[in-house]
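Read through the structure below, which is laid out as structure tokens, and then see the notes.
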Amino acid sequence: MLSEFYRVGGFVRDTILGLTPKDVDYVVIGESPESMTRKGFVQVGGNFPVFLHPITKDEYALARSEISNGDGHKDFLYEWKGVSLVQDLSRRDLTINAMAMTHNGEVIDPYGGQIDLENGVLRHVSPAFLEDPLRVLRVARFAARYSFAVAPETMELMTQVAQKGMLNTLTAERVWMETEKALLCKSPNLYFEVLDECGALEIIFPEIHDMKGVPQAAKHHAEGDVFIHVMMVIKRAAELSKGLPDTSRLRIVAGALLHDLGKTKTPYELLWDAEGNPLGKHHGHEDPERFGGLLDGLAERLRMPKYVRNFAYTCALVHQNAHRAMDMAEGLARMYEDLGLERQSRHDPAYLDDFLTMCQADAEGRLRTLDNGTVERPLGYKQADYIREAMAAVAAVDAGVIIQGALKEGCNIDESKGRVVTARNRVGREFKRAKKTEREHAKSLESDAGMTP
């Protein structure tokens, strides 16, 4: 039997918030590594004593203090001998994480975490916050998760961390780990907005920071610059993807974050007129020559999973054509190719739906100016069903049969593939024509109904 132990951290925080904790961590007082081992616990921590319970496998850590010996996330010396519960809690990053709970549910809260939870505030425990640069990302992630505000004094410390260059000591893996968690939160936009406020965005995500101040045409983007638009899009993407598997949610929100990277490379003369007034014309921003290098550089630097990077690339490449799909004919076959649906439909059935969810988030994550001068936020994405039907029609073209037939006639492989393209383009034209006829017929019926006495 352990002499003294408490549930700590996220378990206490989420329990008070009425949420279901994902796991439970314990801090142990008055034990040693030797006594823990004798009681059947298995040590797993290398830098400091952390143990697994012999039955439940929950983590039990000896109460410890920390002394920074560098600027990095792992540059700390640890001491566990004679450390009290309050001393252990004092090393935590935020007051909402610096609470403990006894076995009978009594909360021990020496730093005001419960009050900050009630008020929705993220506040550091002590000036030692400055010693770990990862805490800047963690605070931003908690803002994204709970929609809490950062206390001004904590934002000041975060700004100091950014200005001192300490963020450069973080490994790509740690940055991506925090970012991935943030992208899966209910308000991922707050992650990037908080990082921007403290000066960390420009350091960690310069490609996203460069969206700030890039103008857009007010008719289609009355919300403001590209950064504001993208923040609205990822917020909407999180809402639309709620309930989907994490793999889908992650790539949808990541695709939303990166879909307009090419706008940061729009030529100056398309952004501003001769008098310096904003034009915001982003013709060609979906061209890989605009966005490709930026996306690849960011993905490689952060060690982004390949499936997320590839999906984001597709979003950047195809989203504009998706928005105008109902005006396309032969372009529908090109969209099928660009989406890679011949392969994705077999190996990744959710791919098209995830892409269309991102496109809907893009369409709805904005404000548009109407002819009468009023501004509204668009809702709905009628292109989605249209594209699903169109892609199914194009997919019905049996490429294998066409190629085999062409080869038998003496065509080379390129000529044979050309016949597939021709067949798919024909299907695209026929599909558009059929849909146009459907719409005209529907309008005719509505008109007749309106004339009926």
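The sequence shown begins at 1 in full-length UniProt numbering and counts up one residue at a time. Ideal Cβ positions, reconstructed from N, Cα and C, are used throughout, including at glycine.
Item, Value
"Using DSSP with H/G/I as helix, E/B as strand and the rest coil, what is Thr56?", "coil"
"Are there 16 or more other CB atoms within 10 angstroms of the CB of Val375, so buried, or fewer, so exposed?", "exposed"
"So, using beta-carbon positions, are Phe355 and Leu339 closer together than 8 Å?", "yes"
"What does Ile43 pair with, by DSSP beta-bridge criteria?", "The sequence shown places Gln at residue 43, rather than the Ile named in the question. Per DSSP, Phe51."
"Determine the DSSP secondary structure at Thr369, reduced to helix, strand or coil.", "strand"
"Quick check on Leu445: buried or exposed, where buried means 16 or more other Cβ atoms within 10 Å of its Cβ?", "exposed"
"Measuring straight from C-alpha to C-alpha, what distance separates residue 475 and Val318?", "There is no way to answer for residue 475, as the model of the chain reaches only from 1 to 453."
"First and last residue of the beta strand (DSSP E) that includes Arg7?", "4-8"
"Is the CB-CB distance between Val226 and Lys263 below 8 Å?", "yes"
"For Ala128 and Gln160, I'd like the C-alpha separation in whole angstroms.", "12 Å"
"For Ile108, list the residues DSSP reports as bridge partners.", "Ala100"
"Have a look at Leu117 and Ile96 and give me their C-alpha separation to the nearest angstrom.", "6 Å"
"Any idea what DSSP makes of Asp75, helix, strand or coil?", "In this prediction, Asp75 has a pLDDT of 48, which is less than 50 and means its spatial position is unreliable; nothing more can be read from the coordinates."
"Identify, in the order they occur along the chain, each residue of the same chain with its Cβ nearer than 7 Å to the Cβ of Glu415, setting aside the five sequence neighbours on each side.", "Ala406"
"According to DSSP, is Tyr26 part of a helix, a strand, or is it coil?", "strand"
"Take Gly113 as the anchor and find which of Lys242, Val194, Asp14 has the nearest alpha-carbon.", "Asp14"
"Can you give me the C-alpha to C-alpha distance between Leu184 and Tyr111, rounded to a whole angstrom?", "29 Å"
"When burial is assigned at 16 or more other CB atoms within 10 Å of the CB, is Tyr268 buried or exposed?", "exposed"
"Cβ of Val233 within 8 Å of Cβ of Ala361?", "yes"
"Counting C-beta neighbours from all protein chains within 10 Å, is the total for Asn372 16 or more, i.e. buried, or is it exposed?", "exposed"
"How long is the line joining the alpha carbons of Arg343 and Glu337, rounded to whole angstroms?", "10 Å"
"So, do the region 183-200 and the region 236-253 have three or more beta carbon pairs nearer to each other than 8 Å?", "yes"
"Report yes if the CB atom of Tyr381 is closer than 8 Å to the CB atom of Ala363, and no otherwise.", "yes"
"Spatial neighbours of Cys359 within its chain, please: C-beta separation below 6 Å, excluding the five flanking residues on both sides.", "His319, Ala322"
"Would you be able to state if there are at least three C-beta pairs under 8 Å between the region 84-98 and the region 8-27?", "yes"
"In the DSSP assignment, the alpha helix (DSSP H) including Phe291 goes from what residue to what residue?", "288-301"
"So for Leu122, helix, strand or coil by DSSP?", "strand"
"What number of angstroms, rounded off, separates the C-alpha of Leu94 from the C-alpha of Phe192?", "19 Å"
"On the CB-based measure, 16 or more other CB atoms within 10 Å of its CB, does Lys164 come out buried or exposed?", "exposed"
"Can you tell me whether DSSP reads Pro21 as helix, strand or coil?", "coil"
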